[in-house]
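Chains as they are written, first to last, in our numbering: chain W, 440 to 728; chain L, 963 to 1270. Shown next, in structure tokens, is the structure this report addresses.
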């Protein structure tokens, strides 16, 4: 029983981070209809940013988060301006192949620069936690979870309430109409991508406080993000929150009772079951094309 | 058309006679490797190039073929040729099941779902034994196969099988099945309205590709004599198939052949020494081809011909 409870708590804490970076994935998909394969690389770069800030300048990873946010956001903006804008009107398969190309470039560039070594950020509070009954809650994970959830909720509120958020939603709902009322679509796209990337960079920085980081870590995260948004509904931010928490818990239970090496397998099996049982959730009018 | 067939036949006969010239082992290995990639890129093209459903998980069937053949040969004592045939059938059956559901997805959804499938297959083969405390797939230890033949055996096996695959693609390109596949790529909904059972065609061709890739995988396992999940399920194989076919020209018969020929030589020269640099270059090639040359090398040639 204690084991299961511990697995649930660990899963929820991890699920918060899943929710945060999946909301970035969902935002980019919802507005531009782009399934971003280098999403995991954005996490990797966000994580490496805090890692290097810590290793070279001894800056605490939580304090270095703004650097992750800004650098990954800026990278997203540039890639969007230089490349994605060229293919955003093309069939979705074209943009998918393009983001796959960027995935290859970023992950292998990171391998060349930083080698394939596994790295960790070890701070004074690493491994420190408090107990609630039989369950241990690591401090770093709890803080990470709270920041991740706050970010996801903040993104949702921004899209609902803020002026610019409304422009983004307008552009995702009806491109032509948004253009007619004077919204600069290409600018909205670039800023949306930057925003989605910035949140993902933040999630990467958060992950670095308690997870191993290495250049090839990205792809499983991309697959997880896809599964999370399929679970919760593509382009719907609160869906990413629910999907993220759910997947975090399922993976944590898998790691406890089966084998942590099966995380992607479980993710896929889950995805496949949704496909069989509830295809209407991800098929229908909203889909691609 | 007749010129292409004639050229193909001449190349095939020349390759058939090649060992008579008394070349060294290195050339057999390099050519066998090129044949393997020509076969894989052509088989991949059959589903993805013709229907436009870009499969990002094709390596799953390569891995299944490798493992099925290795397990049949080492654990059940089945001879080589029956083993690769059974592997093909098994792979086709798995593809029928997976394709039935993933083929409902369109565009990028299909791409990422198949990618997830291949990664899941790799993890299952890698972790199955440890999770369920058995010895079947042998996990990360991999499987060692018996060594019984020299390089010429594999040279001829690859040459004949790959030759048959290219002929098969050539035939499909011109028959009713092929037209249905191309109709799916051009306008799936209209094809469905015109009475084409698109789902059946999509799933059939997906299973056919899976059979071909698994047979090549089976030969690969016996050829290399040692396989491990991280090698034979590596996403790099899928990347290669995609980029080779795109580079040469998807949806054509000879595009993937040319693409595989050029890029597998480049892979041998650069990739075997500087893997990361090579993968980085593949990313750049992918971007350039997708943005500037959507019809591949074949497209360049036929464009020039049109201008004349």
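Glycine included, C-beta positions come from ideal geometry on N, C-alpha and C. Fair warning: this is a prediction, and the values are worked out from it, not measured in the lab.
Near-chain L residues of the stretch 576 to 589 of chain W (beta-carbon distance less than 9 Å), N- to C-terminal order: Hits within the stretch: zero.
Interface positions of the stretch 1153 to 1164 of chain L facing chain W (Cβ-Cβ less than 7 Å), listed along the chain: If you check each beta-carbon in the stretch 1153 to 1164 of chain L against every beta-carbon of chain W, none falls closer than 7 Å.
Burial state of residue 1234(L) (16 or more Cβ within 10 Å): When all chains shown are included, residue 1234(L) counts as exposed.
Name the residue from 507(W), 671(W), 603(W) whose alpha carbon lies nearest to the alpha carbon of residue 461(W). When the alpha-carbon of residue 461(W) is set against those of 507(W), 671(W), 603(W), the nearest one is in 671(W).
Could you name the residues of the same chain whose beta carbon sits closer than 6 Å to that of residue 1174(L), not counting the 5 residues immediately before and after it, in chain order? Cβ neighbours of residue 1174(L) beyond the five flanking positions: 1005, 1127.
From the DSSP output, in three-state form, read off residue 572(W) for me. Collapsing the DSSP output to three states places residue 572(W) in coil.
Return helix, strand or coil for residue 650(W), following the three-state DSSP convention. DSSP, reduced to helix, strand and coil, places residue 650(W) outside both helices and strands of the structure shown, so it counts as coil.
Taking a cut of 8 Å between CB atoms, which residues from the stretch 1216 to 1239 of chain L lie near chain W? Within the stretch 1216 to 1239 of chain L, the residues whose Cβ lies closer than 8 Å to some Cβ of chain W are 1238, 1239, listed in chain order.
Quick check: what's the CA-CA separation for residue 716(W) versus residue 710(W)? One C-alpha to the other measures close to 10 Å.
Please report whether the beta-carbon of residue 706(W) lies at a distance below 8 Å from any beta-carbon of chain L. Residue-level contact check: residue 706(W) touches chain L, since one or more beta carbons of chain L fall below 8 Å from its beta carbon.
Could you spell out where the alpha helix (DSSP H) holding residue 1182(L) opens and where it closes? For residue 1182(L), the enclosing alpha helix (DSSP H) starts and ends at 1160 to 1186.
For residue 1256(L): DSSP bridge partner residues: For residue 1256(L), which the question treats as bridged, DSSP gives no partner whatsoever.
Name, please, each residue of chain L whose Cβ falls closer than 8 Å to the Cβ of residue 532(W). Those are 1014, 1016, 1069, 1070, 1073, listed as they occur along chain L.
Flag residue 701(W) as yes if its beta-carbon sits less than 8 Å from any beta-carbon of chain L, otherwise no. At least one chain L Cβ lies under 8 Å of residue 701(W).
Within 8 Å (strictly less), CB to CB, does residue 1270(L) reach chain W? Because residue 1270(L) carries a pLDDT of 44, less than 50, the predicted location of this residue cannot be relied on, and no value is offered for it.
Would you check if the stretch 1119 to 1133 of chain L and the stretch 1214 to 1221 of chain L touch, i.e. whether three or more CB-CB distances between them fall below 8 Å? Touching, yes, given that three or more Cβ pairs across the two stretches are closer than 8 Å.
To the nearest angstrom, how far is it from the Cα of residue 618(W) to the Cα of residue 1123(L)? A direct Cα-Cα distance of roughly 55 Å separates residue 618(W) from residue 1123(L).
If you follow the alpha helix (DSSP H) that residue 384(W) is part of, which residue opens it and which one closes it? Examination of residue 384(W) is not possible in this model, given that chain W is present from 440 through 728 alone.
Check the C-beta distance from residue 503(W) over to residue 487(W) and give it rounded, since I have them as a contact under 8 Å. Contact between residue 503(W) and residue 487(W) does not hold, since their C-beta atoms are separated by about 11 Å, which reaches or exceeds 8 Å.
Can a CB atom of chain W be found closer than 8 Å to the CB of residue 991(L)? Chain W, which has no Cβ nearer than 8 Å to the Cβ of residue 991(L), makes this no.
With 16 as the cutoff for other CB atoms within 10 Å, does residue 1152(L) come out buried or exposed? Classification of residue 1152(L): exposed, given that the 10 Å Cβ count is below 16.
When DSSP labels each residue in this structure, what does residue 1064(L) get in the three-state scheme? Look at residue 1064(L) here: in three-state DSSP terms it is helix.
Quick check on the DSSP output: the alpha helix (DSSP H) that includes residue 1203(L) runs from which residue to which? Here the alpha helix (DSSP H) through residue 1203(L) covers 1197 to 1210.
Is the Cβ of residue 715(W) closer than 8 Å to any Cβ of chain L? For residue 715(W), the nearest beta carbon of chain L is closer than 8 Å to its own beta carbon.
Three-way DSSP call (helix, strand, coil) for residue 558(W) in this model: Annotated three-state conformation of residue 558(W) is strand, per DSSP.
Which residues bound the alpha helix (DSSP H) around residue 469(W)? Looking at the DSSP string, the run of the alpha helix (DSSP H) that includes residue 469(W) is 441 to 471.
Based on DSSP bridge pairs, tell me the residues matched to residue 1106(L). Partner(s): 1188(L).
Quick check on residue 1086(L) - is its C-beta less than 8 Å from some C-beta in chain W? For residue 1086(L), the answer is yes, since a Cβ of chain W falls inside 8 Å of its Cβ.
Output, in chain order, the set of chain W residues within a Cβ distance shorter than 9 Å of residue 1201(L). Under the 9 Å cutoff, chain W gives 539, 543.
Touch test, the stretch 475 to 490 of chain W against the stretch 605 to 612 of chain W, Cβ-Cβ under 8 Å, three pairs minimum: The stretch 475 to 490 of chain W vs the stretch 605 to 612 of chain W: no contact.
Give a yes or no on whether 8 Å exceeds the smallest Cβ distance from residue 727(W) to chain L. No answer about residue 727(W) holds up, because its pLDDT of 37 lies below 50 and its placement is not dependable.
Is it buried or exposed for residue 585(W), if we count other Cβ within 10 angstroms and need 16 for buried? Within 10 angstroms of the beta-carbon of residue 585(W) lie fewer than 16 other beta-carbons, which makes it exposed.
I'd like to know whether the C-beta of residue 1212(L) is nearer than 8 Å to at least one C-beta of chain W. Residue 1212(L) has a beta carbon lying at 8 Å or more from every beta carbon in chain W.
Where do the N-terminal and C-terminal ends of the alpha helix (DSSP H) with residue 615(W) fall, by residue? Counting along the chain, residue 615(W) sits inside the alpha helix (DSSP H) bounded by residues 614 to 619.
Closer than 8 Å, CB to CB, is residue 1253(L) near chain W or not? So yes, residue 1253(L) belongs to the interface.
Assess, as a yes-or-no matter, whether the stretch 1197 to 1208 of chain L is touched by the stretch 993 to 1005 of chain L under the definition of 3 or more beta carbon pairs within less than 8 Å. Yes, they touch.
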